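Using this note's numbering, read the sequence shown as starting at 20 and increasing by one per residue.
Here a beta-carbon is modelled for each residue, glycine too, at the ideal position from N, C-alpha and C.
Note that the structure is a prediction, hence the values are computed from the model and not measured.
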Amino acid sequence: MGLYINLDRSPERRAAFEEQLSALGLQSRYSRFPAVDGSQMRASGSRLRPGEIGVFHSHCRVLEYARQKGLCVHVLEDDALLSEHVVPVLEDAVAANLF
């Protein structure tokens, strides 16, 4: 199973990423996971920018979700650029039970 992280306020990034998935025949293997919007969080005293805070919390939440469901997941962000080689690599990893 694959999950990709995407902010609710970024439908254009979602569409572009889903277009990549579709072009590679991976749309059925990945689902959207709503990202944490760091601009909506308070992080007093942190030197991290809001986007960095959001990314950190998004990854923590997606991993917690997978743990609760007992899933092994491949996590991507919506700005990942996928190569045509990703399909055979993923298939080999699944066949070798690497996940």
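Looking only at its chain, what residues have a beta carbon closer than 8 Å to the beta carbon of residue i, apart from the 5 residues adjacent to it on each side?
i: residue 70; result: 57, 58
i: residue 27; result: 53, 54, 56
i: residue 106; result: 43, 44, 45
Residue i by DSSP, collapsed to three states: which one?
i: residue 109; result: helix
i: residue 104; result: coil
i: residue 26; result: coil
i: residue 51; result: strand
i: residue 21; result: strand
i: residue 82; result: helix
i: residue 94; result: strand
i: residue 114; result: helix
Quick one: residues in its chain with C-beta nearer than 6 Å to the C-beta of residue i, no 5 flanking neighbours on either side, listed in chain order?
i: residue 76; result: 55
i: residue 85; result: 92
i: residue 20; result: 90, 92
If the criterion is Cβ atoms closer than 8 Å, does the pair residue i and residue j meet it?
i: residue 101; j: residue 39; result: yes
Only counting the same chain, and skipping five residues up and downstream in sequence, which positions put a Cβ closer than 7 Å to that of residue i?
i: residue 62; result: 72
i: residue 32; result: 25, 97, 98
Could you work out which residue in the options is closest to residue i when comparing CA atoms only?
i: residue 104; options: 83, 43, 94; result: 43
i: residue 49; options: 68, 83, 94; result: 94
i: residue 22; options: 78, 65, 67, 64; result: 78
Who pairs with residue i in a beta bridge, going by DSSP?
i: residue 40; result: Residue 40 pairs with nothing; no bridge assigned.
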